[in-house]
Amino acid sequence: MPGEAFTPEQQAASAATLTAAVAQEQRRLDLVYARLDELREAYRRRLSAVRRTGAVGTHQNRSERDAFAAHYEDTLARLEMVENRLVFGRLDLRDETEPRYVGRIGMSDEERSQLLVDWRAPSAQPFYQATAAHPAGVVRRRHLMTRGREVVSVEDELLDSDRVDEVSDGLTGEGALFAAMSAAREGRMTDIVATIQAEQDAVIRSPLDGVLVVQGGPGTGKTAVALHRAAYLLYAHRERLERSGVLLVGPSRVFLRYIEQVLPSLGETDVVATTMAELLPGTTARATEPAEVAEVKGRPVMAQVLARAVRGLQRVPDAVQELDVEGVTVHLRPEDVRAAMGRARRTGLPHNQARETFALAVLDDLVREYTQARGGERDEDDRGWLYEDVRTARDVRRAVNLCWMPTTPHGLLEKLYARPELLARHGRGLSREDRALLEREQGSQWTVADVPLLDELAELLGPHEGAAAARAEAEDRRRRAAEVEFAAEAISAQDLGDGLITPEILAERFHSTGSRLTTAERAAEDRTWTYGHVVVDEAQELSPMAWRALLRRCPSRSMTVVGDLAQRSGHRPAAQWADVLGTAAGEHVREAVLTISYRTPAQVMDAATRVMSRLDAAPAYPVNAARDLPDALTATSVADPAAGSADVVARELERLDTEAGAAAGRLAVIVPAEHRAAVVTALRTHPGTRDALRTEREDPLSARVAVVTPVEAKGLEYDVVVLLFPDAVLAGGTGDLYVAMTRPTRRLHVVHAGDRVVDELDAVDGEG
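Residue numbers (the UniProt record's numbering): 1 to 768.
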């Protein structure tokens, strides 16, 4: 028990027991890693042999070769990514004589005897679900702590009281979970495969079908659960999901870099990870805009506005038009245009694709009149050139385009924004004030809120042949240049050819063998790709229009949606998920709630909850903190928080050195955007902070100190958070303040100038 005194003899016996257990598990670890090395080498040989065959034989032979190469490459990639913490658990079971080892992948020896159970397999489930009350046949659960290929310690949990004497050897400790929580942050998220808790495991193994909404407060591991669920589903439904792929949507590119190693470390690489800003291939939204503008763009009514705008491209002339074809006058009549439009619309095709049916119907009428004017019926050859005369006539082309104008999503949306009269014509359901918010000059950069609108228009319009051809040509040039560059590097690195083989020749040879795109790569380049499963993180931030875009990519409606309603940005509170899911709320939705915060210390979590309650924004789904750390919350009052922040950060870095080791751990200064520049200046000029500072917004992960806004901090975690200007943070919404307060794993230090938020903290004012 904690605090119990042990005699020197007992301590020596415990140390000897631990040494013997570590040696025993090291032998097992050596055996598993040796087998891993054998498998890697075997797949390297097979892949090399397949590649040596080259582009020879029949088309079927080449297809088989490519299929084998793809399989070997994928398997080898998985084997390469599971090096760290390959084995992390052991189960001693009541009805089995041999222990069952749990790890990142499943593995058998040459005789097909099982060496390692994949953590996702049903037989590994007791490692996460068994308890003393419900041991599920488990006598002992052992956690293996490893560093590289070395076992450094083991810890045991005894679950079957009837057989304690058989296995008990006193090997207990702080627990793998608490050890992981106490470890210093390294700027990247790591997997939790060795420490998944029972309520998390239940969510991870939940059935594939339907929309699963995972509500999780700060630090409950909802992001980790979503990623491990993606890995589990790819394992349990490999055949279904390998063909269609999995889409992962995160809140920012920084967030995706933060989590980018988790899925590969779990043996999964074929997942498309993107943000809403990059959801539409070929379009990246870089501009920002006021929240009230983004809110209007995200409303469901915008779908009707865009549909009317597309329908507005289909115009019936007010009167009969006279068109010149090679000196002959033909007539475009409104009734003929209406009939052609009806025929085109009945095809059900998008606007640009239905245009062909419309144009053919109009041309039939005009060719008939033109033929009669040129002397009546002719033979087949004559009819061909008569048709070509009409089709290529300038007046006809112009008239057909004016009646059924082809366009691109980007071009049409730009016109809507730039022409108030056009937006007023199609913008029923939007107030004059709403329309004024949407107005902007043509050629402005796209924002995140524009992307779902562009996607909606892409669905309504269909591909524009001219624009699609230009994009394809540009993409082909880009890919070709990349292949030549890669070939040049290969020639230089391997000293090939003595000038006889040029990069262009080698690139052409590579291209002729058929460069293979993975499912993820093909899906990422295709707007119309439909995924087998979609994972959405920070889902509380998505607009109804964004949900339309995501549902379009998942006809099966199989989704994992994770977030926290209390952390929603802005001033749009939501009491239930149905309020934010848009059209997704109409699907088969089931909810799961994560209730334990493993990250945020209890003192900080309690203070954040208290502040939210006093602001009439109490979390609808409160959480309980798993850890209670001393001095986890401090407040410092200064005249100028921006200038005074440097001294506070310097002291916190010194304390972090003492707690976590020299230069270990991460600290975030969370500050409203309007104060960022002043804070950066103060930190850059202070000798205790300037060397640790990283200010680039695009990558706040790579250095020890990051200066970020509350929105940029969303989804991330740090050892220490220094929060500045809390009242100004609150001005952005209660969700932003809640996010800012709950990022730390060790300590929150609030620096203020008499802010009213601090009155709710009941914290020690460290500087008076």
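All C-beta atoms in this analysis are idealised placements derived from N, C-alpha and C, irrespective of residue type, glycine included.
- Rounded to the nearest whole angstrom, the CA to CA distance from residue 259 to residue 230 is 13 Å.
- Taking a 10 Å sphere around the C-beta of residue 575, we find fewer than 16 other C-beta atoms and assign the residue as exposed.
- Sorting 396, 80, 429, 601 by C-alpha distance to the C-alpha of residue 370 places 396 at the top.
- Our two residues, residue 132 and residue 122, have alpha carbons roughly 20 Å apart in a direct line.
- DSSP lists 708, 723 as the bridge partner or partners of residue 670.
- With respect to residue 534, residue 723 sits apart: the two C-beta atoms are not nearer than 9 Å.
- Taking the Cα of residue 654 as reference, the smallest distance to any Cα among 272, 666, 569 is reached at 666.
- The beta carbon of residue 127 is closer than 7 Å to those of 89, 91, 102, 141 in its chain, skipping five residues each way along the sequence.
- Just so you know, the alpha carbons of residue 100 and residue 158 end up roughly 15 Å apart.
- In this structure residue 407 is not in contact with residue 331, their Cβ atoms being roughly 27 Å apart against a cut-off of 8 Å.
- For residue 685, the uninterrupted alpha helix (DSSP H) run begins and ends at 676 to 685, by DSSP.
- Each of 643, 275, 156 was checked against the Cα of residue 550, and the nearest Cα belongs to 275.
- Note on the segment 251 to 337: whole beta strand (DSSP E) runs with a minimum of 3 residues are 271 to 275, 321 to 325, 328 to 332, in chain order.
- Taking 9 Å as the cut-off, the beta carbon of residue 203 is found no closer than this to the beta carbon of residue 211.
- The C-alpha of residue 251 is placed about 45 Å away from the C-alpha of residue 110.
- DSSP places residue 404 within a strand segment (E or B) once states are collapsed to three.
- Per the Cβ contact rule, the segment 686 to 695 is not in contact with the segment 738 to 747 (fewer than 3 Cβ pairs under 8 Å).
- If you compare the alpha carbons of 540, 451, 725, 144 with that of residue 578, the shortest gap goes to 540.
- For a cut-off of 8 Å, the C-beta gap from residue 74 to residue 296 is around 44 Å, too long to register as a contact.
- Counting only unbroken stretches of 4 or more residues, the alpha helix (DSSP H) elements lying wholly within the segment 31 to 119 are 59 to 81, in sequence order.
- If you look at residue 156, you'll find it in the beta strand (DSSP E) that goes 150 to 158.
- Within the segment 561 to 647, the runs of beta strand (DSSP E) that reach at least 3 residues and sit entirely inside it are, in chain order, 589 to 594, 633 to 637.
- Straight through space, the alpha carbons of residue 391 and residue 373 are spaced by roughly 16 Å.
- Counting only the Cα atoms, residue 94 lies some 16 Å from residue 156.
- Look at residue 228 here: in three-state DSSP terms it is helix.
- In the structure shown, residue 24 adopts helical secondary structure according to DSSP, grouped into three states.
- Using a C-beta cut-off of 8 Å, the segment 750 to 763 makes contact with the segment 634 to 651, since at least three inter-stretch Cβ pairs fall below that distance.
- Two segments are said to touch when three or more pairs of C-beta atoms, one from each, lie closer than 8 Å; by this definition the segment 232 to 245 touches the segment 261 to 281.
- Under DSSP, residue 144 forms a beta bridge with 154.
- Counting along the chain, no beta strand (DSSP E) covers residue 756, and no H or E run does either.
- Burial is judged here by how many other beta carbons sit within 10 angstroms of a residue's own beta carbon; residue 8 has fewer than 16 and is exposed.
- A Cβ-Cβ contact shorter than 9 Å links residue 525 with residue 281.
- The residues 334, in chain order, have a CB closer than 8 Å to that of residue 318 in the same chain once the five nearest residues on each side in sequence are set aside.
- Here DSSP, grouped into helix, strand and coil, assigns residue 427 to coil.
- Burial check for residue 444: the Cβ neighbour count within 10 Å stays below 16, so the residue is exposed.
- A Cβ-Cβ contact shorter than 9 Å links residue 668 with residue 707.
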